[in-house]
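Residue numbers (the working numbering): 101 to 379. Step one of this worksheet: look at the structure below.
In C-alpha cells:
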C-alpha cells in the first residue's frame with residue numbers, strides 16, 4: 101500500500117486477487133498503468149475492504165481486474181483479516197516499519213541464499229516471478245481426494261461479495277477472471293470431493309453479475325502442461341501473459357468467456373473439458 105500511496109494518481113487500473121493473481125504482470129495490460137493489490141490467500145471480503153479504503157480516499161480507477169478463486173465459495177469466513185489501518189481508515193505504517201521487520205529481513209536473506217520458502221519471488225520492480233530452478237508440477241496421478249480443502253460446504257451466496265466489489269468503483273470497467281488450475285487439481289480438489297458442480301455454479305453466478313468473466317481454469321492443453329506450474333495452481337508469467345492478452349483484446353490461447361452462456365451450456369463445456377483431458 102505504501103508503494104501505491106507514494107504516487108496514487110499514476111495508476112488508473114487496480115488488480116485484486118490471491119497469490120495466483122500476483123503472477124499477472126500489471127505492465128501487460130495495454131492502455132493502463134495497473135497496480136496489483138493481490139496477496140497470498142486473499143479473500144474477496146478482504147478485497148472489498150481494500151477497495152472501500154481506496155474509494156474513501158478519493159481514488160477512482162478506469163479499470164478493475166478481479167481474480168475469482170473457488171475457495172471463496174467454500175468458506176463462511178469471507179471477510180478474512182484486514183490490517184488495522186484499513187479498518188480504521190488511517191495511513192499505513194511507514195515503509196521502513198513494513199519492509200524492514202525481522203520477518204521481512206529473514207525472508208529476504210533466505211531468498212538471496214536460495215532458500216526461499218516459496219518458489220515465487222519479488223523482482224526489483226515489485227512484479228512477481230517464479231524462481232528459475234523451480235521444479236515442474238508433479239500431479240497426484242492416483243487422483244486422491246484433495247485433503248487440504250477445509251470443508252465441502254458450498255456457500256452459494258458468496259458471489260454477492262464479488263458483486264459488491266464490482267460496484268465499489270461505479271465508473272470503472274470491471275473484468276473478472278478465473279486463474280488457471282491443473283486438470284489434475286480440478287479432479288482431486290473438486291470432482292473427487294463431490295463439489296465440481298458447486299465450483300462450476302459459483303463461477304457461473306459471478307458471470308451473471310454483469311462484467312466480463314473469463315474462465316482459464318477450464319481444462320485445456322495449457323493447464324495440462326506441467327512445466328507451466330509448480331503446484332497445479334500457480335502458473336508462470338508466460339501463461340499469465342495469455343490471460344493479459346484476453347483481457348486486452350479477447351485473444352484466446354485458452355479459456356472461455358462465460359458471459360452469455362447458460363448454466364447448462366457452461367456446465368456441459370466444463371465437464372466435457374474435464375473428460376477430454378484424459379486424466
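The beta-carbon is built from N, C-alpha and C at its ideal position, and this holds for glycine as well. Given the structure is predicted, the values throughout are model-derived calculations rather than measurements.
- The straight-line gap separating the alpha-carbon atoms of residue 319 and residue 283 is approximately 5 Å.
- A direct Cα-Cα distance of roughly 22 Å separates residue 351 from residue 362.
- Within the same chain, 314, 352, 355 come within 7 Å of residue 346 by CB-CB distance, once the 5 residues on both sides are set aside.
- With a threshold of 16 other beta carbon atoms within 10 Å, residue 340 meets it and is buried.
- Using a Cβ distance threshold of 9 Å, residue 370 and residue 302 do not count as a contacting pair.
- Below 8 Å, too few C-beta pairs join the stretch 152-162 and the stretch 274-289 to call them touching: fewer than three.
- Counting only runs that start and end inside the stretch 129-182, the alpha helix (DSSP H) elements of at least 4 residues fall at 144-156.
- From the listed residues 292, 270, 281, 121, the smallest Cα separation to residue 252 is found for 292.
- Boundaries of the beta strand (DSSP E) around residue 116: 113-116.
- With a contact defined as Cβ atoms closer than 8 Å, residue 150 and residue 186 qualify at about 6 Å.
- In this structure, the beta-carbon distance from residue 117 to residue 178 does not fall below 9 Å.
- Inclusion of residue 236 and residue 326 in the CB contact set at 9 Å is warranted, their separation being smaller than that value.
- Shortest Cα-Cα distance from residue 110 to any of 145, 135, 232 involves 135.
- In this structure, residue 234 sits near residue 330, with a CB-CB distance shorter than 9 Å.
- Here DSSP, grouped into helix, strand and coil, assigns residue 330 to coil.
- Between residue 146 and residue 180 a beta carbon distance of about 4 Å is seen, short of the 8 Å cut, so the two are scored as contacting.
- A distance of 9 Å or more separates the beta carbons of residue 304 and residue 374.
- Inter-residue distance for residue 379 and residue 190 is about 50 Å (C-alpha atoms, whole angstroms).
- Counting C-beta atoms within 10 angstroms of its own C-beta, residue 126 has 16 or more neighbours from the protein chains shown and is therefore classed as buried.
- DSSP places residue 370 inside the alpha helix (DSSP H), whose first and last residues are 363-376.
- In this structure, the beta-carbon distance from residue 281 to residue 317 falls below 9 Å.
- Per DSSP, the continuous alpha helix (DSSP H) segment holding residue 306 begins and ends at 296-307.
- Rounded to the nearest whole angstrom, the CA to CA distance from residue 120 to residue 140 is 8 Å.
- Within the DSSP secondary-structure output, residue 313 pairs in a beta bridge with 276.
- Residue 173 and residue 258 do touch by the CB rule: their CB atoms are close to 5 Å apart, below 8 Å.
- DSSP, read as helix, strand or coil, puts residue 352 in coil.
- Taking C-beta separations shorter than 7 Å and ignoring five residues to either side along the sequence, the partners of residue 332 in its chain run 237, 239, 281, 282, 284, 285, following chain order.
- In summary, residue 349 is exposed, with fewer than 16 beta-carbon neighbours lying within 10 Å of its beta-carbon over all protein chains present.
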